[in-house]
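All remarks here apply to the structure that follows.
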Amino acid sequence: MRRALPGPIVALGMGITFMTGCQGPTSRVVGMSVEGRPIECRTLGYGGRTVLFMATIHGDESVGTPLLRDLEAHLQAHPRLLTGRTIVFLPVANPDGFAHNTRENAHGVDLNRNFPADNFDASKNHGVAPLSEPESRAIMAVLEEHAPDAIITIHQPYGVLDYDGPGEPLASAMAAQCDLPVKRVGSRPGSLGSYAGLTLGIPIITVEYREDASDLTEQQLWEKYGASLVAAAIYPEMLD
Ligand SMILES: [Zn+2]
Numbered sequence: 037m038r039r040a041l042p043g044p045i046v047a048l049g050m051g052i053t054f055m056t057g058c059q060g061p062t063s064r065v066v067g068m069s070v071e072g073r074p075i076e077c078r079t080l081g082y083g084g085r086t087v088l089f090m091a092t093i094h095g096d097e098s099v100g101t102p103l104l105r106d107l108e109a110h111l112q113a114h115p116r117l118l119t120g121r122t123i124v125f126l127p128v129a130n131p132d133g134f135a136h137n138t139r140e141n142a143h144g145v146d147l148n149r150n151f152p153a154d155n156f157d158a159s160k161n162h163g164v165a166p167l168s169e170p171e172s173r174a175i176m177a178v179l180e181e182h183a184p185d186a187i188i189t190i191h192q193p194y195g196v197l198d199y200d201g202p203g204e205p206l207a208s209a210m211a212a213q214c215d216l217p218v219k220r221v222g223s224r225p226g227s228l229g230s231y232a233g234l235t236l237g238i239p240i241i242t243v244e245y246r247e248d249a250s251d252l253t254e255q256q257l258w259e260k261y262g263a264s265l266v267a268a269a270i271y272p273e274m275l276d
């Protein structure tokens with residue numbers, strides 16, 4: 037189940053950067069999907085603590101995409117929140133899966149099993165090797181370029197805030213602003229959580245909204261979950 041979203045992502049061409057104003061955002065295409073769809077990375081703010089938000093690495097778990105659009109708009113409307121920090125967005129990490137409403141990419145690979153974590157487990161569904169897929173390589177390039185201090189990746193349907201690595205305090209700060217409990221689900225082989233959290237030691241929160249989040253309007257989603265995303269963006273600062 038997924039909600040229809042207005043408008044396609046505009047293809048900018050590889051490596052082209054443009055600014056839309058003094059507060060950003062910067063938008064850049066960081067890779068192309070198997071079927072040639074652009075993978076867009078957007079950045080707000082400059083310097084300081086860097087937080088990466090990503091959505092829809094599983095193409096059929098897409099409520100994070102409109103939420104990140106709203107988070108970006110909120111931060112732009114409240115530029116004080118951007119002082120001393122950089123917020124990086126990957127709004128659609130798996131554009132082919134998003135287009136076809138499938139979990140995997142167009143090769144049938146689960147991108148969230150395709151990272152070079154110590155627990156990578158090669159298979160047809162996980163990929164023959166870590167980073168065998170162009171989408172996971174694009175995400176990796178973003179990790180290497182921005183070296184985030186924390187990562188928030190949005191999924192469905194388990195209704196929890198899962199974390200890997202030293203992510204529990206950040207997960208708790210998010211849980212204080214929404215109705216999802218902090219709960220460890222367990223580290224999956226080759227997942228971004230395993231790689232970033234366990235291999236690299238970066239706090240990473242795997243947000244699992246409930247399945248019925250897909251039934252909410254974008255405005256309802258933002259009212260329900262916006263504050264927890266803002267809390268993650270400004271952590272360790274607290275919301276007023
Ligand atoms: Zn998922």
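Sequential numbering from 37 applies to the sequence shown in this note's numbering. The beta-carbon is built from N, C-alpha and C at its ideal position, and this holds for glycine as well.
Q: Find out if the Cβ-Cβ distance for the pair ASN155, LEU147 is shorter than 7 Å.
A: no
Q: Spell out the partners DSSP gives GLY67 in its beta bridges.
A: ILE75
Q | Selected residue, minimal CA-CA separation from SER264, among ASP251, THR242, ASP248 and THR253 | A | THR242
Q) Can at least three beta-carbon pairs, one atom from the stretch 109-120 and one from the stretch 197-209, be found at a separation below 8 Å? A) no
Q: Mind listing, in chain order, the continuous beta strand (DSSP E) runs of no fewer than 3 residues lying wholly within the stretch 97-150?
A: 121-126
Q: Let me know the beta strand (DSSP E) ranges lying completely inside the stretch 196-231, each 3 residues or longer, listed in chain order.
A: none
Q. Do GLU97 and ligand 1 come close, with the Cβ less than 6 Å from some heavy atom?
A. yes
**Q.** Opening and closing residue of the alpha helix (DSSP H) in which ALA267 lies
**A.** 254-270
Q: Taking only heavy atoms of ligand 1 into account, decide whether any of them is closer than 6 Å to the Cβ of HIS114.
A: no
Q. In this structure, what does DSSP give as the bridge partners for PHE89?
A. PHE125 and ILE188
Q) Which same chain residues, not among the five before or five after GLY237, have their C-beta less than 8 Å away from its C-beta? A) GLY201 and PRO202
(Q) For PRO61 and THR253, what's the separation of their Cα atoms in angstroms? (A) 25 Å
Q.
In this structure, how does DSSP classify ILE240 when only helix, strand and coil are distinguished?
A. strand
Q. By the 10 Å Cβ neighbour count, where 16 or more other Cβ atoms means buried, how is PRO74 classified, buried or exposed?
A. buried
(Q) Need the endpoints of the alpha helix (DSSP H) that THR274 sits in, please. (A) This sequence places Met at residue 274; Thr is not what is there. Note, MET274: premise wrong, no alpha helix (DSSP H); not H, not E.
Q: Examine ligand 1 and report whether any of its heavy atoms sits within less than 6 Å of the Cβ of HIS191.
A: yes
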